[in-house]
Amino acid sequence: MGVSKAGDYESLARQTEPVIATDLPGPKGRAVIDADAEVTSPSLPRAYSFVPDRGAGAVIKDVDGNVFLDFNAGIAVCSTGHAHPAVVDAITDQANKLLHYSASDFYLPIYAEMCARLADIAPMDGQVRAFLTNSGTEAVEAAIKLARHHTGRQYILSFFGSFHGRSYGSVSLTASKANYRADFGPLLPGVLHAPYAGRFDSFVGLDGPGGEPAEPDLDYINDVIFKRLAKPHEVAAVVVEPVLGEGGYVVPPRSWLLKLRNLCDAHGILFVADEVQSGIGRTGRMWAMEHFDLEPDIILAGKGIASGMPLGAMVARSGLMTWSLGTHGSTYGGNPVSCAAGLATLDLVAGGLTANALAVGEFLIEGLKTLAQREPAIQEVRGLGLMIGVELPSPQVADAIEIAAFKRGLLVLRAGDSTIRMAPPLVINKEQAAAGLRLFEDACAEGVAASAGLVAEQSMIRA
Ligand code: PLP
């Protein structure tokens, strides 16, 4: 029997309204932040001064007892909500039984069980196999290695605006912000980038009238990359986020992903769907690829797969797993406690949370679109399920709204250049979503006013 305090969990998880009783940060939060500043790596990109202490469902308390609605879910990770009792019990039971044994070197029953579950839910026909990791970036690394190893080709194609992680291979694919790559070069050779569904591509002249992307196509890949940089038969894989995550929560048209799938088929290139952020129910289906009715050759999972325990996965068609004994492994990847959390998470996600994500996601998107009619700063609302982006006129406005939301007890986070992302836990209910909408409307009003003041101040300084 686990130690989750079900009564405690229920009363916090049911709350619909934030309670902010101190300045933010409060005195205890301030002490943590000051101590942290002395000892942690200055590279950590802290967004604002939130110091979490205890969570339940879509609600989270900070160390000063302030109560927040969490539309971040630990950055799209806590899929089943904070401290879901079924997940906590699964973790506790497994921890009491066996904390670790390396599945790379021995046979761990729960590792194979997790791989079998992933094979069941993988959006591909035919037999698949899985390799488990500790994180999203390691799943990306595994895909890069497998694609090169299996095809014997060197080039990997990814997209401007995409985020695939921060280790050397994955950061070489990442092209959402130059900061992730700055001064770390040379990065992995053989990585080429193309425009993502007509975005970030004004330099190749694909913009439609009014600056909107025209029907996105693959001209850049065909006319620039294949003609001038690399022959298609040298390309091992295309790695793509079926919904752009950190790059701004962009949903591409199906036609673009279909063209990409066809391009891969035409040249024997592997289609790798990086669903580290969009997978495991986040978009209202188990995988975002299901919305587009397209099959990848390799699919990557992380973040929400184990509700916050470190776990990632690379799932590939069996025929691709031609790498031999000892060519890849990991001491901790597929750790038994993470697998226990993963299995409990998949039970919950498949057992109703995707449906909830779809229903509450539609409610939120509709509410935000209605708000956009009253609030001119909102330029676009887009998303699938509970992966929702609100486009604002500038990074300054987005940041000011993010902070104004925080002060009101609503946690959201900027993505891309000027998008606020909303990625609440998949357990969020409509009352909490409605409260979030109301708080976001107030935050927009304050954020727009505050950033107008900032711009005026800056132009006075420049003058
Ligand atoms: N791929 C995508 C699409 C992501 O969003 C992320 C993280 O945000 C990663 C890979 C890297 O995952 P991790 O931070 O677990 O290494």
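Residues in the sequence shown are numbered consecutively from 586, following the working numbering. From the three backbone atoms N, C-alpha and C, an ideal C-beta is built for every residue, glycine too.
Quick one: give me the first and last residue of the alpha helix (DSSP H) that Thr1004 is part of. Segment 1004-1007 is the beta strand (DSSP E) holding Thr1004; no alpha helix (DSSP H) there.
What does the Cβ neighbour count give for His667, buried or exposed, with the cut at 16 atoms within 10 Å? buried
Under the three-state reduction of DSSP, which class applies to Arg714: helix, strand or coil? strand
Specify, as a first and last residue, the run of the beta strand (DSSP E) that Glu976 falls within. 972-976
Which of helix, strand or coil DSSP assigns to His641: A quick correction: the sequence has Ala, not His, at residue 641. The answer is strand: DSSP assigns Ala641 an E or B state.
For the beta strand (DSSP E) containing His778, name the first residue and the last one. 776-779
So for Glu1016, helix, strand or coil by DSSP? helix
Taking the alpha carbon of Glu726 as the point to measure from, which residue in Leu742, Asp710, Met709, Gly754 has its own alpha carbon closest? Gly754
DSSP has Glu965 in a bridge; who is on the other side? Glu976
Nearest-angstrom Cα distance between Gly640 and Cys924? 21 Å
With distances taken from each beta carbon to the nearest heavy atom of the ligand PLP, which residues come in below 6 Å, in chain order? Ser720, Gly721, Thr722, Val725, Phe748, His749, Gly750, Glu826, Gly830, Glu831, Asp859, Val861, Gln862, Gly887
Touching or not, the stretch 649-664 and the stretch 991-1002, by the rule of three or more beta carbon pairs under 8 Å? yes
Quick check on Val789: does DSSP put it in helix, strand or coil? Bear in mind that the predicted position of Val789 carries a pLDDT of just 46, short of 50, making it too unreliable to give a figure here.
Let me confirm a value: Val624 is counted as buried when at least 16 other C-beta atoms fall within 10 Å, else exposed. Which label applies? exposed
What are the boundary residues of the beta strand (DSSP E) that includes Leu931? First-last for Leu931: 921-933, but that is the alpha helix (DSSP H), not the beta strand (DSSP E).
So, with DSSP's three-state summary, where would you put Ser1036? helix
Proximity winner among Asp621, Lys812, Gly642, relative to Val636 (alpha-carbon distances): Asp621
Quick one: using the 10 Å Cβ neighbour count with 16 as the cut-off for buried, is Phe691 buried or exposed? exposed
If you reduce the DSSP assignment to three classes, tell me which class Ala632 lands in. coil
Rounded separation between Gly936 and Gly864 - CA only: 15 Å
C-beta contact flag for Pro610 and Val617 at 9 Å: yes
Taking 8 Å as the threshold, find out whether the stretch 896-904 comes into contact with the stretch 706-714 through three or more Cβ pairs. yes
Going by the CB atoms, is the gap between Phe716 and Ala724 shorter than 9 Å? yes
How far does the alpha helix (DSSP H) with Ser753 in it extend, from its first residue to its last? As written in the sequence, residue 753 is Tyr, which differs from the Ser given in the question. Counting along the chain, the alpha helix (DSSP H) containing Tyr753 begins and ends at 753-758.
Could you check the C-alpha separation between Ile605 and Ala1008 for me, to the nearest Å? 21 Å
Distance, Cα to Cα, Gly833 vs Ile676? 33 Å
Among Glu602, Leu910, Tyr781, Thr912, nearest to Val824 - alpha-carbon criterion: Tyr781
If you compare alpha carbons, which of Phe1025, Ala990, Val982 is closest to Ala1037? Val982
Leu953 versus Gly1032: straight-line alpha-carbon distance, rounded: 16 Å
Would you list the residues sitting across from Phe653 in a DSSP beta bridge? Ile645
What residue from Ala701, Thr601, Val662 has the CA that sits closest to Lys646's CA? Thr601
Going by beta carbon distance, what residues of the same chain come within less than 8 Å of Pro980, once the five residues before and after it are set aside? Arg999, Asp1002, Ser1003
Within the chosen definition, does the stretch 868-884 reach the stretch 762-769 through at least 3 CB pairs nearer than 8 Å? no
First and last residue of the uninterrupted beta strand (DSSP E) at Ile741: 740-744
Can you have a look at Thr665 and say buried or exposed, based on whether 16 or more other CB atoms are within 10 angstroms of its CB? buried
When you compare only the Cα positions, how much space is there between Thr718 and Glu800? 37 Å
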